[in-house]
Each structure stands twice: as C-alpha cells, then as structure tokens.
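Enquirer: Here you go, one structure.
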Amino acid sequence: MTEVGFHPEGSRVAVLTAEPIGRPLDYLAPEGGCFPGAFVEVPLGPRKVMGVVWGPGDGRFDAARLRAVARVLDVPPMRAELQAFLIRMGAYTMTSLPAMLRLATRTPGLFDAPGARKVYRRGAGEPGRLTEARERVLKVLDAHDGGGFYLTELAQLAGVTPQVVKGLVATGAVDEFEQPRDLPFPRLDPALPGKVLSEDQAAAAAALRAGMGGFGVTLLKGVTGSGKTEVYLEAVAACLAAGRQALVLLPEIALTTEFIARVEARFGARPGEWHSGATQGERRRLWRMCAEGGVQMVVGARSALFLPFRDLGLIVVDEEHDGSYKQEEGVLYNARDMAVLRASFATAQVVLASATPSLESWVNAESGKYARIDLAARFGVSELPEMRAIDLREERIESAHWISPTLVGEVVKRLGSGEQSMLFLNRRGYAPVTICRACGHQIGCDHCDARMVEHRFMKRLVCHQCGETKPIPTACPSCGVEGKLAPVGPGVERLAEEVAERFPTARLSVLSSDLFGSARALKEAIADIAAGGADIIIGTQIVAKGHNFPRLTLVGVIDADLGLQGSDLRAAEHTFQLMRQVAGRAGRADKPGLALLQTCQPEHPVIRAILGGDEEAFWRAEAAARRAQGVPPFGRMAGIILSGPEVAPLFEIGNALAHAPAPLARIGAQVFGPAPAPIARVRGRHRVRMLVKAEKGAPLQDALRAWLRQVKLPAQVRLAIDIDPQSFL
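Quick note on the working numbering: the sequence shown kicks off at 1 and runs consecutively.
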C-alpha cells in the first residue's frame with residue numbers, strides 16, 4: 001500500500017528549484033520514491049541543481065520526455081506549513097516562488113557531506129592543579145551529562161579562553177574527539193526559576209502563558225526599563241515546556257550578546273543564533289537542527305523567519321516598530337507582518353514587544369485584532385527620565401559647534417559625579433556635505449544622485465546609498481581651487497571632535513555601525529560602555545535599540561528636528577519613536593535620568609507629544625490624520641520602482657502604465673506618478689517611482705498583476721513592487 005502523500009518511483013512530481021524559472025517543473029520520482037517536501041537534486045539542462053518536491057506533477061507533459069530526480073538529499077523534508085507560508089508570502093509580496101525558496105535555503109554548504117569537527121567532553125582524569133577557570137569548565141561539562149561541546153562553545157559557557165580547555169585535555173580531565181558537525185544544541189531547561197517579577201510583570205507573563213497552544217497575536221507595550229524581556233521569556237518557557245520551538249527576532253546584531261546572556265541565565269544554556277555575524281558552519285548546523293528539532297530556541301535577525309522549524313510555537317518580535325525589520329532589497333517584505341503570517345500557519349503565538357509600537361500594531365490592538373498588555377512602570381527603583389527641550393533659538397552656540405551651553409553644563413555635572421552622558425545624533429560620518437567655498441560645488445557620488453559624506457576616521461568620502469568611496473580631495477573637483485573645500489553640518493565624528501575639545505579629560509566612545517569592522521567588535525564596545533568604560537557616549541540610532549547602560553543618567557539629543565524634515569508619511573511616528581527610545585536609555589538604575597532635546601521647534605506637535613509623555617494622545621492624533629488621508633494602516637499602498645541605465649525608457653513605461661489604469665480603477669485605486677525617485681540614481685541606475693493607493697480591503701495584488709501585464713520591460717529595465725512601502729526614497 002502506498003503511504004499517504006508518498007510519491008512512488010516513476011510517478012510524476014513537481015520540483016521547485018531556486019533557479020529563475022518562475023514555477024515548479026515536472027520530473028519522475030527516483031528509485032525508492034520520495035515524500036512531498038523532500039529536498040532533491042535534479043537535472044536542469046547540463047547542470048544539476050537543488051530543488052524541493054512541491055507536489056504531484058501537473059501531467060501536461062509527455063512522460064517519455066521527463067527526466068528523473070537524480071537523488072534525494074539527506075536533510076529533513078520541508079514541512080507543509082513552511083511551504084504554505086512561502087506560497088502565501090510570495091503571493092502577498094508579489095515575489096516569485098523560486099525567489100521565496102532562496103530565502104528558505106540560502107545556507108552555505110547546506111547539502112554538503114556533514115564532515116566532522118573536534119568536540120570536548122568530560123574525561124576520566126583529574127587536573128593536577130585546579131584553578132578557578134578550570135573548575136568552571138569542569139562544572140559546565142558535569143552539568144550537561146557528558147554531552148560534547150565545540151571548543152569555542154565550551155569556552156564561552158565557562159567564561160574562559162580556549163587555552164584553558166586545551167590545558168585540561170593535556171591532563172586527561174577533558175577528552176577531545178571528532179564527531180559530525182551538525183550536533184543538537186544544549187538543552188534549555190524551562191523549569192529553572194526566572195527573576196522575581198513585579199505584580200504587573202507577573203500578571204503580564206500569566207496572560208502570555210495562557211495564550212500558548214494556538215494562534216494569536218499580543219502587543220506587549222511597556223515603557224523602557226519595564227521588564228518586557230523578562231515577561232516574554234516566561235512565554236518562551238511555556239513554549240519550551242510544551243515541547244515546541246521559540247523564535248525571538250531582534251532588530252540589531254549588537255543586541256544579541258546581552259540578550260543571549262539573559263537567556264542563558266534563565267534557561268541554563270545558550271540558544272541558537274542566526275544573523276550575519278554567525279559563521280557558515282554555525283548557520284548550517286542551526287538550519288539542520290531547526291528541521292530536526294535539535295534546537296529549542298533561536299535568536300536572530302529577520303531572515304530567521306525562514307528557518308525550517310520542526311514545531312514552531314512562539315515568535316517574539318522585539319522592538320517591533322524598528323525599521324530594520326523591513327527588507328528593502330531583493331524580496332521586499334516586513335518581517336513583523338510576515339511573523340504573524342508564519343505563526344498563523346504554524347498555529348503559534350506572536351508577541352510584538354515595544355515601548356513605542358508601530359501605528360499598525362497600535363491600531364490592530366485598538367480594534368481588538370491583537371490582544372494588548374501594558375507595563376506602565378519601570379521595574380524596581382528606576383524611574384522614567386525627566387524630559388525637557390532646549391530652545392536653540394535662545395542659546396548662544398559658537399560657530400562650528402553644536403552642543404548648547406545648557407547641555408554642556410549638564411554633561412559637566414555628570415562628569416563630576418561619575419555618571420555617564422550620551423549625545424545622540426542620527427548622522428554617521430564627519431559631515432553630511434562637503435562644499436567648495438570658491439564655486440559652491442557639493443561633492444556628490446559618481447554613481448548616485450546623493451552627496452558624499454565625509455568620514456574623517458577613514459580619510460574618505462562615502463556614498464551612503466551605494467557604498468562607493470573615494471579619498472578626500474585637496475582641490476575642488478569642479479573648479480580645481482585648492483584649500484576651499486569645507487565640511488558642512490555635523491556627523492558623529494565631528495561631534496566627537498567638539499566633545500574632545502570641551503571635555504578633554506573625559507573618556508569618549510563613539511557608537512556608529514560604520515566605525516566597527518565586525519559585529520563582535522561592536523558588541524565588545526557596548527559591553528565596555530555598560531561596564532563603565534566611557535564617560536561620554538556619542539551615537540547614531542544604534543544606541544536607541546535596547547541597550548542597558550546602568551550608569552547613564554543624561555541623554556542629549558543634538559538635533560531633535562532632523563527626522564521631521566521631508567514628506568514621509570511616517571516622519572512624525574518615526575521621530576516620536578526614536579526620541580522616546582533614545583531618552584529611555586537614561587536613568588535605568590537607581591539614579592534619576594534626564595533627557596534634553598535640542599530643537600528649533602519646541603512648539604512642534606511631535607516635540608510637544610514627546611515631552612508631554614501622553615503617548616496614547618499622540619497615537620490617537622496620528623491615527624486620525626492617517627484615517628482622514630486613507631493611508632496605512634487605514635488604506636493600502638504599493639510602490640512601483642522602475643530602474644535602468646537610461647532614464648527615458650523608464651518614463652515611457654511609467655507613462656504607459658499611468659495612461660492605462662483600468663485594472664486598478666476597477667478596485668477604486670489611484671495611481672500617482674511616474675516621478676523621479678528622491679534619490680534618482682543609485683549605482684549608476686536611474687530610478688523612477690510610482691505609487692498606487694487603494695482602500696483597506698481592496699484586492700490590490702490581483703489588480704497590480706493585471707495592470708503590470710500591459711507593459712513589456714526592455715532587457716535593461718527592472719521593475720520592483722513594494723507592497724506596504726516603508727521608505728519612499
């Protein structure tokens with residue numbers, strides 16, 4: 001009898017590959033047959049490529065002409081829930097199935113032979129000299145019932161260097177042996193006691209635990225320092241106790257070190273990590289262990305959403321409002337929204353955690369679509385910081401300086417009391433513009449319509465759109481005059497010069513993503529600051545994301561008006577979120593905090609809302625304005641981006657679409673454009689944008705497909721569709 005869903009040898013099967021073909025192709029099942037979802041190797045032209053058995057073949061092709069599957073690969077089959085998620089997400093984002101499959105299989109060496117690596121476990125001998133470091137290693141090994149560890153893994157768990165482990169090998173107290181690379185991760189113990197929770201935290205944790213076992217979404221809204229992490233870790237504990245897997249998404253790699261330490265303290269072992277800082281071997285191991293059930297919890301970036309979990313029971317999206325959850329290149333998607341979709345297929349719970357939630361999540365909670373839990377107070381003795389504006393119109397600031405006398409005075413107070421100060425400026429580099437004082441020329445990128453940013457630390461000009469760099473010239477590239485090039489405006493590097501000038505004895509640390517060669521170096525810098533290794537911290541938005549600096553009592557925002565410029569419909573929301581998040585870094589321990597916002601517009605509604613602290617009033621006002629305009633989350637939008645080496649064909653295509661709006665008009669949608677993108681050229685390619693706006697319930701994707709079928713793209717022209725755009729650049 002044939003097993004349910006099994007494809008016997010010689011039967012037709014549809015195989016989806018990651019090649020840009022657009023659909024599954026028919027093959028014959030191999031010797032021994034195969035199951036749906038099996039990873040296979042199939043011939044495609046003269047090559048052999050990886051694919052997934054997507055279902056039965058469609059039968060339209062002559063069986064005599066079909067080629068057979070070459071072999072079934074030795075990895076667990078793709079589960080039906082992941083397959084359904086990829087299909088639905090592809091349909092929503094208007095992404096081809098091969099591109100979706102690439103998202104789920106882009107792990108280096110995934111289908112290579114396993115190989116082996118050295119592993120360490122408790123040996124029969126005893127060390128002749130038992131130092132404190134050696135004792136920690138042996139305690140870790142004894143606590144894990146003789147299980148094997150990789151060298152770096154064991155050293156990290158014990159808090160020692162690898163040389164300590166090697167020394168124990170020489171004594172016979174630790175055995176070194178080889179075994180396959182892809183080992184299960186150490187088991188997490190959900191029964192271990194967590195931190196003592198406050199009454200509000202305990203009630204929130206109980207509410208999250210009660211929802212486990214089915215699909216649902218909860219917005220966990222808590223002020224900075226209120227203990228959201230400890231609360232949702234209790235939901236993780238309930239998930240693990242039920243034998244299911246948990247995924248926690250973080251918006252920034254630099255956050256993982258502190259978070260993983262908290263996970264280890266709560267559950268007695270480290271979770272799996274999935275982000276660009278992980279090695280190829282680590283990513284391969286984690287992918288396979290997700291599929292086999294050999295890892296209980298994964299902490300990762302947005303791409304962790306596509307891992308092949310065997311039984312996913314919980315997804316936590318920490319700092320759910322953060323813009324980095326939106327993928328802006330390749331497949332365009334918002335990981336926050338796709339986490340909800342993935343959970344719906346896995347019958348899993350979703351926790352969206354934030355002190356300043358996205359308006360979309362706030363509206364969904366207000367309407368009852370999501371549950372909502374509030375943590376209104378900071379945990380323990382810490383209090384929310386006092387927030388005040390510094391009116392720059394009334395301050396006397398020296399030329400080429402940006403720190404007001406009022407802010408200088410507050411920094412001096414902190415230096416005198418041994419406390420830390422943070423100066424926030426959301427501009428990387430030394431200066432955003434370099435201008436010639438002789439002819440007025442602003443140095444721009446050769447490949448983009450963007451000004452190049454001076455990075456004095458690297459002694460180069462950098463384009464923040466395409467990454468192009470060039471040496472800082474001594475003469476103007478336009479008029480050739482020497483000595484007339486001047487930086488205009490401050491970046492964090494220029495601000496650091498001013499800090500060094502004003503506070504020469506202070507220890508200074510600059511946190512900006514471009515100043516660190518690796519994620520590890522950035523993590524180490526953050527850990528050093530948290531331990532008190534700096535008196536003044538200067539940072540870009542990277543400092544706003546969940547870091548805990550116990551000695552930090554003053555936050556100074558150098559330019560609170562920066563995010564209010566431009567026509568982005570989310571400008572007010574993003575500014576409000578960023579300012580509140582940055583201010584929340586202050587006063588997280590026993591000393592009170594102060595946040596000072598330097599602004600030329602203290603009467604601006606957003607600045608007033610930030611200072612007033614009535615967040616619900618801000619969200620209500622912002623929601624009312626969006627509803628009146630019929631824009632997200634009360635309407636739907638899609639961005640159409642045409643790009644190519646010449647601008648004229650882009651406008652021809654855009655105008656042809658604009659003059660043939662019938663498929664969109666049938667659903668009541670409006671078409672705006674074509675128009676040059678705000679940054680009209682990137683990496684040598686011109687860019688033209690169009691915007692489609694529709695009502696909330698309109699079948700937008702079907703209408704877009706019919707609308708776009710009316711034009712044929714020339715070979716050099718690319719068209720990208722951005723459903724629910726976050727950026728309009």
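Where is the CB? At the ideal position from N, CA and C, for every residue including glycine.
Note that the structure is a prediction, hence the values are computed from the model and not measured.
Around the Cβ of lysine 228, are there at least 16 other Cβ atoms within 10 angstroms (buried) or fewer (exposed)?
Expert: One-based indexing of the sequence shown puts residue 228 at position 228. Buried, because 16 or more other Cβ atoms sit within 10 Å of the Cβ of lysine 228.
Enquirer: What residue ranges within the stretch 641-725 form continuous alpha helix (DSSP H) runs of no fewer than 4 residues, ordered along the chain?
Expert: You should have 647-658, 662-665, 700-708.
Enquirer: Using the beta-carbon count (16 or more within 10 Å), is isoleucine 718 buried or exposed?
Expert: For this step, residue 718 is matched to residue 718 along the sequence shown. Checking the sequence, you will find arginine at residue 718 rather than isoleucine. Label assigned to arginine 718: exposed.
Enquirer: Determine the contact status of serine 512 and isoleucine 529, defining contact as a CB-CB distance below 7 Å.
Expert: Start at 1 with the first residue of the sequence shown, and residue 512 comes out as number 512. Start at 1 with the first residue of the sequence shown, and residue 529 comes out as number 529. Cβ distance not < 7 Å, so serine 512 and isoleucine 529 don't count as in contact.
Enquirer: Could you say if the stretch 86-99 and the stretch 15-25 meet the contact criterion of at least three C-beta pairs nearer than 8 Å?
Expert: As far as the Cβ criterion goes, the stretch 86-99 touches the stretch 15-25, which means the pair count is three or higher.
Enquirer: My guess is that threonine 553 and leucine 594 are in contact by the Cβ rule of under 8 Å, so how many angstroms apart are they, rounded?
Expert: Here the question's residue 553 lines up with position 553 in the sequence shown. Here the question's residue 594 lines up with position 594 in the sequence shown. 7 Å between Cβ atoms; contact.
Enquirer: With DSSP run on the structure shown, which of helix, strand or coil describes serine 421?
Expert: In the sequence shown, the residue the question calls residue 421 occupies position 421. Here serine 421 sits in strand by DSSP.
Enquirer: Does DSSP put cysteine 436 in a helix, in a strand, or in coil?
Expert: The count along the sequence shown starts at 1 and reaches residue 436 at position 436. Looking at cysteine 436 - three-state DSSP - the assignment turns out to be strand.
Enquirer: Taking the alpha-carbon positions, what's the glutamate 3 to glycine 109 distance?
Expert: What you label residue 3 is simply residue 3 of the sequence shown in a count that begins at 1. What you label residue 109 is simply residue 109 of the sequence shown in a count that begins at 1. Only weak support is given to the placement of glutamate 3: the predicted model assigns it a pLDDT of 43, under 50, and the question is left unresolved by the model.
Enquirer: Return the chain-ordered ranges of every alpha helix (DSSP H) run that is complete within the stretch 317-344 and spans a minimum of 4 residues.
Expert: Runs found: none.
Enquirer: Which whole-angstrom value describes the C-beta separation of glutamate 328 and serine 727, a residue pair presumed to lie in contact below a C-beta threshold of 8 Å?
Expert: Taking the sequence shown and counting its residues from 1, one reaches residue 328 at position 328. Taking the sequence shown and counting its residues from 1, one reaches residue 727 at position 727. About 6 Å; that satisfies the 8 Å criterion.
Enquirer: Going by beta carbon distance, what residues of the same chain come within less than 8 Å of histidine 441, once the five residues before and after it are set aside?
Expert: The residue labelled residue 441 in the question sits at position 441 within the sequence shown. Excluding residues within five positions, the ones whose Cβ falls inside 8 Å are Ile435, Cys476, Pro477, Ser478, Cys479.
Enquirer: Under DSSP, the alpha helix (DSSP H) around histidine 574 begins and ends at which residues?
Expert: By one-based count along the sequence shown, residue 574 stands at place 574. From DSSP, the alpha helix (DSSP H) with histidine 574 extends over 571-583.
Enquirer: Helix, strand or coil: how does DSSP classify glutamate 81 here?
Expert: Working through the sequence shown from its first residue, we reach residue 81 at position 81. Correct three-state label for glutamate 81: helix.
Enquirer: Who pairs with cysteine 34 in a beta bridge, going by DSSP?
Expert: Taking the first residue of the sequence shown as 1, we reach residue 34 at position 34. The partner list for cysteine 34 (beta bridge, DSSP) reads His7.
Enquirer: What whole-angstrom Cβ distance do proline 490 and alanine 450 have, given they're in contact under 8 Å?
Expert: Counting from 1 along the sequence shown, the entry for residue 490 is found at position 490. Counting from 1 along the sequence shown, the entry for residue 450 is found at position 450. At roughly 18 Å, the Cβ-Cβ gap does not stay under 8 Å, so proline 490 and alanine 450 are not in contact.
Enquirer: When you compare the CB positions of glutamine 296 and glutamine 245, do they come within less than 7 Å of one another, or not?
Expert: Residue mapping note: residue 296 aligns to position 296 of the sequence shown, counting from 1. Residue mapping note: residue 245 aligns to position 245 of the sequence shown, counting from 1. Contact flag set, yes.
Enquirer: In chain order, what residues of the same chain lie with their CB nearer than 8 Å to the CB of proline 405, ignoring the 5 residues before and after it?
Expert: Taking the sequence shown and counting its residues from 1, the one referred to as residue 405 is at position 405. Answer for proline 405: Glu395, Arg396, Ile397, listed in chain order.
Enquirer: What whole-angstrom Cβ distance do aspartate 374 and glycine 222 have, given they're in contact under 8 Å?
Expert: Start at 1 with the first residue of the sequence shown, and residue 374 comes out as number 374. Start at 1 with the first residue of the sequence shown, and residue 222 comes out as number 222. Aspartate 374 to glycine 222, Cβ: 7 Å. Contact.
Enquirer: Please confirm if the stretch 187-203 is in contact with the stretch 156-170, defined as three or more CB-CB distances below 8 Å between the two stretches.
Expert: No, the stretch 187-203 is not in contact with the stretch 156-170.
Enquirer: Under DSSP, the beta strand (DSSP E) around glutamine 629 begins and ends at which residues?
Expert: If you number the sequence shown from 1, residue 629 lands on position 629. Where glutamine 629 is concerned, there is no enclosing beta strand (DSSP E), although the alpha helix (DSSP H) it sits in stretches over 615-629.
Enquirer: Give the DSSP-derived three-state secondary structure of tyrosine 92 in the structure shown.
Expert: As a working note, residue 92 is residue 92 in the sequence shown. The answer is helix: DSSP assigns tyrosine 92 an H, G or I state.
Enquirer: Count the other CB atoms, across all protein chains shown, that sit within 10 Å of the CB of alanine 715; report buried if there are 16 or more and exposed otherwise.
Expert: Here residue 715 corresponds to residue number 715 of the sequence shown, with the count starting at 1. It is exposed - the Cβ of alanine 715 has fewer than 16 other Cβ atoms within 10 Å.
Enquirer: Would DSSP call threonine 171 helix, strand or coil?
Expert: The sequence position of residue 171 within the sequence shown is 171, counting from 1. Threonine 171 falls in the helix class under three-state DSSP.
Enquirer: Quick one: what does DSSP say threonine 257 is sitting in, helix, strand or coil?
Expert: Mapped onto the sequence shown, residue 257 falls at position 257. It is helical.
Enquirer: Excluding the five sequence neighbours on either side, which residues of its own chain have a C-beta within less than 7 Å of the C-beta of leucine 664, listed in chain order?
Expert: Counting from 1 along the sequence shown, the entry for residue 664 is found at position 664. Counting only Cβ-Cβ distances below 7 Å, and skipping sequence neighbours, we find Val671, Val692, Ala703, Trp707.
Enquirer: If you compare alpha carbons, which of Pro674, Phe39, Ala648, Thr161 is closest to proline 308?
Expert: Indexing the sequence shown from 1 puts residue 308 at position 308. Measuring from the Cα of proline 308, the nearest candidate turns out to be Phe39.
Enquirer: In the DSSP assignment, find the unbroken beta strand (DSSP E) run with aspartate 803 in it and report its ends.
Expert: Nothing in the structure corresponds to residue 803, since the chain is present only between 1 and 729.
Enquirer: Since histidine 455 and glutamate 493 are thought to touch, with beta carbons under 8 Å apart, how far apart are those beta carbons, to the nearest angstrom?
Expert: The sequence position of residue 455 within the sequence shown is 455, counting from 1. The sequence position of residue 493 within the sequence shown is 493, counting from 1. The Cβ separation is near 7 Å, so the contact holds.
Enquirer: Under the rule that 16 or more other beta-carbon atoms within 10 Å means buried, what is valine 439, buried or exposed?
Expert: Position 439 of the sequence shown, counting from 1, holds the residue named residue 439. A quick correction: the sequence has cysteine, not valine, at residue 439. Exposed.
Enquirer: For glycine 697, which of Pro471, Leu219, Asp318, Met637 has the nearest alpha-carbon?
Expert: Numbered from its first residue, the sequence shown carries residue 697 at position 697. For glycine 697, the nearest C-alpha among the options comes from Met637.
Enquirer: On a Cα-Cα basis, can you pick out the residue from Phe618, Arg666, Glu524 that is closest to alanine 572?
Expert: The residue labelled residue 572 in the question sits at position 572 within the sequence shown. Looking at the Cα atoms, Phe618 is the closest of the given residues.
Enquirer: What's the gap between the Cα of aspartate 74 and the Cα of phenylalanine 111?
Expert: Within the sequence shown, the letter at position 74 stands for residue 74. Within the sequence shown, the letter at position 111 stands for residue 111. Rounded to the nearest angstrom, the two C-alpha atoms are 8 Å apart.
Enquirer: Leaving out the 5 sequence neighbours to the left and right, which residues in its chain are closer than 7 Å to lysine 591 when beta-carbon positions are compared?
Expert: For the purposes of this step, residue 591 is taken as residue 591 along the sequence shown, with counting starting at 1. Excluding residues within five positions, the ones whose Cβ falls inside 7 Å are Glu419, Thr553.
Enquirer: What separation, rounded to the nearest whole angstrom, lies between the Cα atoms of valine 730 and leucine 596?
Expert: Any question about residue 730 goes unanswered here, given that the chain covers just 1 to 729.
Enquirer: Would the stretch 598-616 and the stretch 643-653 be scored as touching if the rule is three or more Cβ pairs under 8 Å?
Expert: Contact fails: fewer than three Cβ-Cβ distances are below 8 Å.
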